[in-house]
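Peer 1: Can you read through this structure? Questions will come right after.
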Amino acid sequence: MPNKNNGLFKLSTIFFAMLPALLSGLNNKAQARDFFDPSFISSLNGSDPSTTPDLSVFQTQNAQAPGDYRVDIMFNGRYLDTRTIKFVANNRASSDNREPALVPCLSLKALAEYGVRIKSFPELAEDQNGCANFSVIPDTKADFDFTAQRLNISIPQAALSTTAQGYIPPDQFDDGINALLVNYQFSGSNDMQANDEYYSLNLQSGLNVGPWRIRNLSTWNKNNSDAGDWDSAYLYMQRSIRSINSNLVMGESSSLSTIFDSVPFTGIQLATDTTMLPESMRGYAPIIRGIAKTNARVVIKQNGYQVYQTYVAPGAFEITDMYPSGGSGDLYVSVEESDGSKQEFVVPFATLPVMVRENQLEYEITSGKYRPYDGGVDETPFTQATATYGVSSSLTLYGGMQAASRYQALSTGLGYNLGELGAASADVTQAWSKKKDDEKTSGQSWRVRYGKNIVETGTNVTIAGYRYSTRGFNTLSEVLDSYSNDGNYTSRSLRNRTQPDG
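Letter by letter, the sequence shown follows residues -32 to -1, 1 to 470 of mature numbering (1 follows the signal peptide of the UniProt record, and there is no 0).
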């Protein structure tokens, strides 16, 4: 009789011998993927098997083939355009979808059209296919939603060239119509008892031809029985130069008083015209910088009033077009994130008339003959040049020179936003001069200014200016006025060596 135990032993031996193979098969089945043999395509259409298409790109979930796709472009959450964009494979793509399989091929020209500040990122170069490596811009994202055929581009506001509030393209400037202008003011009096009469006429006339403006102010005065005298206060011609935001003046006018005292002249002047800038870029205001975690709303308040609001993309942002506010007062900045969180910080703010915005340049070049109010004074040729530049959001540098045959002067100074301490400026002018019938002298003039507004106590501390001049210092007008034919210049040259300066 056969032994049953021996049979069971043989079956057990066979089972355990086959177990590794069974487990191996189950394991392989668990790891298997759906596979489509691309050679079937070649066999179906009868093409050469060597030209079998590469379908490996589709082995990754949600992957798509590189190529041209017509997509809606959403730039920082806003619809921008619909156009055909070339997409290329992303070498850094991962199976966990942290890196997209396709990235858009955007040229430097396209990025510039989107407002990216190309010059601020030297590494932003194009490859052999003309695709810019915009990943060098921190916090930049470009996600392709294949299902919706939408390209979502997110670039931090700090990397974009923002258009200032109130900006008007130069090609939309209008010179107006050609016109002849006349304004007049006439007054008179007649005293019958004293047989005394007086008449006066102020005549302001102008002519507009294209971009040119001609202006004249003439006066006529008559006493009693005389015929009356005509006098011209000024006559000049001017036009704007839009490409450099400047104004050109030729004729009788006065130099600017930003750094030196204003000097009347007959000649030519080229100077910055701030009225050609957007209103939000005139005057001084600090640059507000911060970092947004999500798409956020930025609100700025000063002295309890909202003075600015904008929306920014995730990443670094900077606000450069805030309207200037009079005086001073700290700026309270609130960054309201889309997830409900909020960031708040304070930017101390104070200003003085000499200060300008970061990277802003204001200049003046004047050359001509001195135009004295006294007809007996020599019309000495002179040249004046000044410049003011915003080095940073807090620091402004300025300086200038005056040159004539009997007078030379150099000036330099700075203005600084001290934050909670207010704003201050200081400058010094070194002059070399020779008055008529006097020896050549030299001297310095020092000037300081300070301003501070304490909102909490309602106190406004302002020192408009304080100037101290050493012995031997003279202004250009004082020296040139001394060369008078009548020799009566003493009263004009007297000055207080320590005086307030507005």
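Just so you know, even glycine gets a beta-carbon here, dropped at the ideal spot from N, CA and C. It should be emphasised that the depicted structure is a prediction, and the values quoted were computed from it without experimental measurement.
1) Tell me the DSSP secondary structure of ASN453 in three-state form.
2) Please state the DSSP three-state secondary structure of THR319.
3) Since I believe VAL324 is in contact with GLY358 (beta carbons under 8 Å), could you give me their beta-carbon distance rounded to a whole number of angstroms?
4) Looking only at C-alpha atoms, which of ARG257, GLY383, PRO124, SER186 sits nearest to VAL396?
5) With burial defined as no fewer than 16 other Cβ atoms inside 10 Å of the residue's Cβ, what is the status of GLN370: buried or exposed?
6) Under 8 Å: do the segment 437 to 457 and the segment 391 to 407 share three or more Cβ pairs, one atom per stretch?
7) For the structure I just gave you, are there three or more beta carbon pairs, one from the segment 379 to 394 and one from the segment 406 to 421, closer than 8 Å?
8) Could you tell me which of ALA253, LEU149, ALA284, SER214 sits nearest to SER360, measuring between CA atoms?
9) Could you tell me which residues DSSP puts in a beta bridge with LYS404?
10) Can the beta-carbon of GLY440 be found closer than 9 Å to that of GLY411?
11) Here's a check: name, in chain order, each residue in its chain whose Cβ is nearer than 6 Å to the Cβ of ASN120, leaving out the five neighbours to either side.
12) Could you tell me which residues DSSP pairs with ASN385 in its beta bridges?
13) For THR443, count neighbouring Cβ atoms within 10 angstroms of its own Cβ and tell me buried if that reaches 16, exposed if not.
14) Would you report the Cα separation of ASN146 and VAL177, rounded to the nearest angstrom?
15) Using 8 Å as the cut-off, can you tell me whether the segment 233 to 242 makes contact with the segment 264 to 273, which would need three or more C-beta pairs spanning the two stretches below that distance?
16) At what residue ranges does the segment 157 to 211 contain a whole run of the beta strand (DSSP E), taking only runs of 3 or more?
17) Just how far apart, CA to CA, sit PHE141 and SER221?
18) Considering Cα atoms alone, identify which of SER302, SER214, LEU224, GLY297 is closest to ALA391.
19) Once the 5 residues before and after GLN133 are set aside, which same chain residues still bring their CB inside 8 Å of it?
20) Comparing C-alpha positions only, which one of ARG435, GLU94, SER129 sits nearest to GLU81?
21) Please report how far the alpha carbon of ASN101 lies from the alpha carbon of PRO90, in whole angstroms.
22) In the DSSP assignment, find the alpha helix (DSSP H) that holds LYS77 and state where it starts and stops.
23) For ASN192 versus GLU165, is the C-beta distance shorter than 9 Å?
24) Take GLU347 as the anchor and find which of LYS337, THR356, ALA78 has the nearest alpha-carbon.
25) Here's a check: name, in chain order, each residue in its chain whose Cβ is nearer than 6 Å to the Cβ of THR356, leaving out the five neighbours to either side.
26) Would you mind sorting ARG181 into buried or exposed? The rule is 16 or more other CB atoms within 10 Å of its CB.
27) List the residues that DSSP assigns as beta-bridge partners of ARG51.
28) Under 8 Å by Cβ, that's how I've got GLY174 and LEU149 pegged, so tell me the actual separation to the nearest angstrom.
29) Determine the direct distance from the alpha carbon of GLY98 to that of LEU74, and round the result to whole angstroms.
30) Tell me the DSSP secondary structure of THR409 in three-state form.
31) Along the chain, which unbroken stretches of the beta strand (DSSP E) at least 3 residues long are found entirely within the segment 207 to 254?
32) State buried or exposed for GLN96, treating a residue as buried only when at least 16 other CB atoms are found within 10 Å of its CB.
33) One question on the structure: do PHE350 and ALA318 come within less than 9 Å of each other, judged by their Cβ atoms?
34) Out of SER122, ILE255, THR131, which one is the CA nearest neighbour of TYR47?
35) Specify the secondary structure class of VAL447 as computed by DSSP and reduced to three states.
36) Quick check on the burial criterion: 16 or more other C-beta atoms within 10 angstroms. Buried or exposed for GLU312?
Peer 2: A quick look at the data gives this:
1) Indexing the sequence shown from 1 puts residue 453 at position 485. Here ASN453 sits in coil by DSSP.
2) Within the sequence shown, the letter at position 351 stands for residue 319. Reduced to three states, the DSSP call for THR319 is coil.
3) Position 390 of the sequence shown, counted from the first residue, corresponds to residue 358. Position 356 of the sequence shown, counted from the first residue, corresponds to residue 324. That belief holds up - the Cβ atoms of GLY358 and VAL324 are roughly 4 Å apart, short of 8 Å.
4) Within the sequence shown, numbered from 1, the residue matching residue 396 stands at position 428. Ranking ARG257, GLY383, PRO124, SER186 by Cα distance to VAL396 puts GLY383 first.
5) Here residue 370 corresponds to residue number 402 of the sequence shown, with the count starting at 1. Buried, by the Cβ-count rule.
6) yes
7) yes
8) Here the question's residue 360 lines up with position 392 in the sequence shown. It is ALA253.
9) The residue you call residue 404 lines up with position 436 of the sequence shown. In the DSSP output, where bridge partners are listed per residue, LYS404 has none listed.
10) As a working mapping, residue 440 is identified with position 472 in the sequence shown. As a working mapping, residue 411 is identified with position 443 in the sequence shown. Cβ distance < 9 Å, so GLY440 and GLY411 count as in contact.
11) The residue given as residue 120 occupies position 152 in the sequence shown. Hits under 6 Å: MET42, ASP111.
12) For this step, residue 385 is matched to residue 417 along the sequence shown. The partner list for ASN385 (beta bridge, DSSP) reads ALA391.
13) Position 475 of the sequence shown, counting from 1, holds the residue named residue 443. So THR443 ends up on the buried side.
14) What you label residue 146 is simply residue 178 of the sequence shown in a count that begins at 1. What you label residue 177 is simply residue 209 of the sequence shown in a count that begins at 1. Their Cα atoms are separated by approximately 5 Å.
15) no
16) 164 to 177, 180 to 191, 197 to 209
17) Taking the first residue of the sequence shown as position 1, residue 141 is located at position 173. Taking the first residue of the sequence shown as position 1, residue 221 is located at position 253. Spanning the two alpha carbons is a distance of roughly 25 Å.
18) Locating residue 391 in the sequence shown gives position 423, counting from the first residue. The shortest C-alpha separation from ALA391 is found at GLY297.
19) On the sequence shown, residue 133 is found 165 positions in, with the first residue counted as 1. Contacts found: PRO246, GLU247, SER248, ASP289, TYR291.
20) Residue 81 sits at position 113 when you count from the first residue of the sequence shown. Nearest of ARG435, GLU94, SER129 to GLU81, Cα basis: SER129.
21) For the purposes of this step, residue 101 is identified with residue 133 of the sequence shown, where counting begins at 1. For the purposes of this step, residue 90 is identified with residue 122 of the sequence shown, where counting begins at 1. Roughly 11 Å between the two C-alpha positions.
22) For this step, residue 77 is matched to residue 109 along the sequence shown. 76 to 81 is the span of the alpha helix (DSSP H), which, as asked, contains LYS77.
23) Working through the sequence shown from its first residue, we reach residue 192 at position 224. Working through the sequence shown from its first residue, we reach residue 165 at position 197. Cβ distance < 9 Å, so ASN192 and GLU165 count as in contact.
24) Against the sequence shown, residue 347 aligns to sequence position 379. Cα-wise, what sits closest to GLU347 is LYS337.
25) Residue 356 sits at position 388 when you count from the first residue of the sequence shown. Once the five neighbours on either side are set aside, the close Cβ partners of THR356 are VAL324, GLU330, TYR366.
26) Within the sequence shown, the letter at position 213 stands for residue 181. Buried, since its Cβ has 16 or more Cβ neighbours within 10 Å.
27) If you number the sequence shown from 1, residue 51 lands on position 83. In DSSP, ARG51 forms a bridge with VAL39.
28) For the purposes of this step, residue 174 is taken as residue 206 along the sequence shown, with counting starting at 1. For the purposes of this step, residue 149 is taken as residue 181 along the sequence shown, with counting starting at 1. At roughly 4 Å, the Cβ-Cβ gap stays under 8 Å, so GLY174 and LEU149 are in contact.
29) Translated into the one-based positions of the sequence shown, residue 74 becomes position 106. Translated into the one-based positions of the sequence shown, residue 98 becomes position 130. The alpha-carbon atoms of LEU74 and GLY98 are separated by roughly 8 Å.
30) The residue you call residue 409 lines up with position 441 of the sequence shown. Three-state result, THR409: strand.
31) 214 to 222, 232 to 240
32) Taking the sequence shown and counting its residues from 1, the one referred to as residue 96 is at position 128. Exposed, by the Cβ-count rule.
33) If you number the sequence shown from 1, residue 350 lands on position 382. If you number the sequence shown from 1, residue 318 lands on position 350. No, the pair does not count as a contact, with Cβ atoms beyond the cut-off.
34) By 1-based counting over the sequence shown, the position of residue 47 is 79. The candidate whose alpha carbon is nearest that of TYR47 is SER122.
35) As a working mapping, residue 447 is identified with position 479 in the sequence shown. Of the three classes helix, strand and coil, the one that applies to VAL447 here is helix, per DSSP.
36) Here the question's residue 312 lines up with position 344 in the sequence shown. Burial call: exposed.
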